[in-house]
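Peer 1: If you're matching them up, the sequences are chains Y and C in order. Residues in the first sequence are numbered from 1 upward in steps of one, following my numbering. Residues in the second sequence are numbered from 1001 upward in steps of one, following my numbering.
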Amino acid sequence: MSMLAIADDALIAAQRLLAWVSRAPSMEEDVALANIALDQLGVARALLSAIGDEDALAFGREAHEFRNCLLVELPDDPGGGVWGDFGVLTVKLLFLSAYQKLLYDRLADGEPGVLKDVAGKARKESAYHLDHATRWTLRLGDGTAESHARAQDAVDALWPYTHEFDRRADWLAVVEPVLAKATLTRPADGWAPTGGREGRHTEHLSYLLAEMQSTHRAHPGATW
Amino acid sequence: MVTTLDAVRSAVAAVVDPELPTLTIDDLGILRSVEIVDGAVEVTITPTYLACPALATITDDIRAALSALGHPDARVRTRLSPPWTTAWITDAGRAKLTAAGVAPPRSLPILGASTAYRTGLPPRSHDDPVACPLCGSTRTTELSPFGATACQALWRCEECREPFTHVKPH
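#1: Which runs of the beta strand (DSSP E), 3 residues or longer, sit entirely within the region 1030 to 1061 of chain C?
#2: Go ahead and label residue 214/Y buried or exposed: buried means 16 or more other beta carbons lie within 10 angstroms of its beta carbon, across all protein chains shown.
#3: From the DSSP output, which residues share a beta bridge with residue 1157/C?
#4: Quick one: is residue 217/Y buried, meaning 16 or more other Cβ sit within 10 Å of its Cβ, or exposed?
#5: Taking 7 angstroms as the limit between beta carbons, can you name the residues of its chain near residue 4/Y, skipping five residues before and five after?
#6: Could you tell me whether the Cβ atoms of residue 1043/C and residue 1062/C are closer together than 8 angstroms?
#7: Counting only beta-carbon separations shorter than 8 angstroms, does residue 32/Y have a partner in chain C?
#8: If you measure beta-carbon to beta-carbon, which residues of the region 121 to 136 of chain Y are closer than 7 angstroms to chain B?
#9: Taking Cβ-Cβ distances shorter than 9 angstroms, what residues in chain C pair up with residue 43/Y?
#10: Shorter than 8 angstroms from the beta carbon of residue 19/Y to some beta carbon of chain C?
#11: Under 8 angstroms between C-beta atoms, does residue 1147/C make it to chain Y?
#12: Name, in chain order, the residues that DSSP records as bridge partners for residue 197/Y.
#13: Measure the alpha-carbon distance for residue 1111/C versus residue 124/Y and round it to whole angstroms.
#14: Can you tell me whether residue 1068/C is buried or exposed, with buried defined as 16 or more other CB within 10 angstroms of its CB?
#15: Could you tell me which residues DSSP pairs with residue 1164/C in its beta bridges?
#16: Thinking residue 1019/C and residue 1149/C are a contact (beta carbons under 8 angstroms), I'd like their distance in whole angstroms, please.
#17: Using a Cβ-Cβ cut-off of less than 8 angstroms, list which residues of the region 87 to 113 of chain Y approach chain C; keep chain order.
#18: How should residue 132/Y be labelled, buried or exposed, when 16 other C-beta atoms within 10 angstroms of its C-beta is the threshold for buried?
#19: Would you identify the three-state DSSP class for residue 1148/C, choosing helix, strand or coil?
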């Protein structure tokens, strides 16, 4: 796992999460998602700054130069069509934060360097993300017939993309008990799209980048 | 103007956190060191959370304080490791938080203890209660683990019915 891939996961996740601010089901949830997005941005900035110029890397690259996993670029924006759903947001955050928590734990206990330092901070932040996503998953999955159906749809839709995570057995050990407790069915493994780590992305990333990079591209070199 | 290292350290330690202005950076435990390196003052601080937006303001405030003491060339460095934890908030800082109506942090999360759907965070039960900073009751409820800043959570007292913020264990 390259440093750039870890940074890009966090950066793209932050951009998706921020779309929810002012549109979440409650004010507390607006605040929570903004906090989680900010944490993700913190990881992205720390790592991109260690790699090079953070602005050039975030705002100057084309989609094929990004190394994020496909899961984080999938839309979940409110009003974003079939994917735009709080159930999708919740399940995606569960899948992502379980993966990130395991990754950061490993890096924090690993070789000295920037990744170890950043992971030493981020592991604690991701523990809160995982906790938050877990509680929402239980609430939606084991909630009403409607919330259960939408959470199950989200699990089914997102499951294929989780094959891109390394050390899948560790990840399953975290996620499967949550799904079971939430009365959600763990999907069978089948279609397993990959390519994000090599720069082969879904069509959704280009649209996300077009929005995220528009100000920088319109005003190159501008400062406050 | 020449100042002693003690005076420099005092000036730096008195800089406040803009998000919790009742606390100095010394109370908060984010001031790592104040040294003279190659004739210039070098201050090392550590962020509470990676993306803590207050860090830039704190850096500016430290530079301004040192400039006023005759050290316009002071350097402020940020170090991530070892990571800050809420255990570094001083006893004086905890008392100031309570006095300002903010519940200080409880015991620390147990990292790496995540199993099943428990994630290693501290229990929310009354085994480890958060006392209401206004009336002292421990009959309190967490509304959200995320608050107005990265380090705060939203709570409510079931006794006096007032909402309050809590510096969450980290």
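Even glycine gets a Cβ: it sits at the ideal position worked out from N, Cα and C. Treat the numbers as computed from the prediction; the structure is a model and nothing was measured.
Peer 2: Inspection of the coordinates gives the following:
#1: 1031 to 1037 and 1040 to 1045
#2: exposed
#3: 1140/C
#4: exposed
#5: 51 and 67
#6: yes
#7: yes
#8: Given the protein chain composition of this structure (Y and C), no chain B is represented.
#9: 1050 and 1051
#10: no
#11: yes
#12: Note: residue 197/Y sits in no beta bridge, so no partner.
#13: Residue confidence for residue 1111/C is low, a pLDDT of 43 falling below 50, so the modelled location carries little weight; the figure read from the coordinates is stated next. Whole-angstrom Cα-Cα distance: 7 angstroms.
#14: exposed
#15: 1155/C
#16: 5 angstroms
#17: 101 and 105
#18: buried
#19: coil
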